[in-house]
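Residue 237 in this note's numbering sits at position 137 of the sequence shown; the count goes up by one each step and never skips.
Using N, Cα and C, we set each Cβ at its ideal position, and we do this for glycine too.
Computed from a prediction, not measured in an experiment: that's the story for all the values here.
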Amino acid sequence: MHTVFMGDLHLSADRPDISQAFIDYLNSDLSDVEAMYIIGDLFEVWTSDDIADPFTDDIAAHIKQVSKRMPIYFIHGNRDFMIGKEFAAKSGMQLLPEIKVLDLYGVKTVVLHGDSLCTLDKSYQRFRRFRNSAIVKWIYCHLPKSTRQKIAADIRHKSQNGNQDKSYVIMDVEQSAVDALLNDTHSQRMIHGHTHRPAIHELDDNKQRIVVGDWYEQGSILIVKKDSAELQQLPFSAKK
101 MHTVFMGDLH LSADRPDISQ AFIDYLNSDL SDVEAMYIIG DLFEVWTSDD
151 IADPFTDDIA AHIKQVSKRM PIYFIHGNRD FMIGKEFAAK SGMQLLPEIK
201 VLDLYGVKTV VLHGDSLCTL DKSYQRFRRF RNSAIVKWIY CHLPKSTRQK
251 IAADIRHKSQ NGNQDKSYVI MDVEQSAVDA LLNDTHSQRM IHGHTHRPAI
301 HELDDNKQRI VVGDWYEQGS ILIVKKDSAE LQQLPFSAKK
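What follows is the structure, given as structure tokens:
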């Protein structure tokens, strides 16, 4: 038996190759999987639960079927931080806090999306604190749907343009932030996404940082067993 982690799928209706790879995986033989964790950015953008469409409803239905056989946990990412209880119920996912500590086969493991660790990106961290404010979220949820959609589109556009001018160092996690979280949570292992740089990093004191891959060119999952952790690619079956 094993546990699966994935993130940074960035599902959207205009990338059917990604969504098909995800659906194919959900429909595959998962008899050896005892739990699944989706650690952020399941969707390319999420405006709010009350703005549904056939595409997101279809994704929810496929996740729901799997959730009948195993628990599926979700941690918000920077693109879908507005996913709420309504979509969670529709898809059968269990919402987790931003940082979750697990006893994963005897290894204390801290799991998160990972954007909070990119502390060198000062402008993003300021925006992140702003968008996480309860007051800001309340105001946003009470705006007209068309206004929320425009705000989401503008944020996505500014993020894409802004990242083009940022170095890889700034957009990557900062080692001191990684060390601090591992120490604060007394964890031996960290699992996160966000950076789109899949790797298994061996750290000092026999600690480990594992980064799940994105789904832009192929699917990517992390398989964690009692005595191993392995990153696995899932080829796309459909063309762009």
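Asked, Found
"Can you find the residues in the same chain that come closer than 8 Å, C-beta to C-beta, to A253, ignoring five residues on each side of it along the sequence?", "V145"
"Taking the alpha helix (DSSP H) that S191 belongs to, which residues open and close that run?", "K185 to S191"
"Any chance the segment 148-160 sits against the segment 203-214, with 3 or more Cβ pairs inside 8 Å?", "no"
"What is the DSSP secondary structure of K326, reduced to helix, strand or coil?", "coil"
"Are three or more beta carbon pairs between the segment 233-248 and the segment 316-328 nearer than 8 Å?", "no"
"Can you grab the Cα-Cα spacing for the pair G313 / P171, in whole Å?", "21 Å"
"By Cβ distance, which residues of its chain are closer than 7 Å to I123, with the 5 residues on each side in sequence left out?", "H162"
"Tell whether a beta-carbon distance below 9 Å holds between M182 and S233.", "no"
"Could you name the residues of the same chain whose beta carbon sits closer than 6 Å to that of I300, not counting the 5 residues immediately before and after it, in chain order?", "I310"
"Between V133 and the rest of its own chain, which residues show a CB-CB distance below 8 Å, the 5 nearest in sequence each way excluded?", "M101, H102, T103, V104 and M170"
"Under a Cβ-count criterion, where at least 16 other Cβ atoms within 10 Å of its own Cβ denotes burial, should S287 be classed as buried or exposed?", "buried"
"At which residues does the beta strand (DSSP E) containing R415 begin and terminate?", "Shown here, the chain extends from 101 to 340; a query on residue 415 therefore has no answer."
"Does the distance from the CB of L126 to the CB of I118 come in under 9 Å?", "no"
"Quick one, which of E198, I199 and Y173 has its alpha-carbon nearest F187's?", "Y173"
"To the nearest angstrom, how far is it from the Cα of S128 to the Cα of Q165?", "12 Å"
"Is the Cβ-Cβ distance between M106 and I138 less than 9 Å?", "yes"
"Establish whether the CB of K168 and some CB of chain C are separated by less than 9 Å.", "Among the chains in the structure shown there is no chain C, since it carries only a single protein chain."
"Tell whether a beta-carbon distance below 9 Å holds between V210 and L303.", "no"
"Mapping DSSP to helix, strand and coil, what is Y224?", "helix"
"Identify whether V211 lies in helix, strand or coil by the three-state DSSP scheme.", "strand"
"Residue range of the beta strand (DSSP E) that A299 falls in?", "A299 to E302"
"Tell me the DSSP secondary structure of I175 in three-state form.", "coil"
"Since H176 contacts G293 with CB under 8 Å, what's their CB separation in whole angstroms?", "The Cβ separation is near 12 Å, so there is no contact."
"Using only alpha-carbon positions, find the residue among E317, M271, T285 and K307 that is nearest to N295.", "It should be pointed out that residue 295 corresponds to Thr in this sequence rather than to Asn. Here the closest residue by C-alpha is M271."
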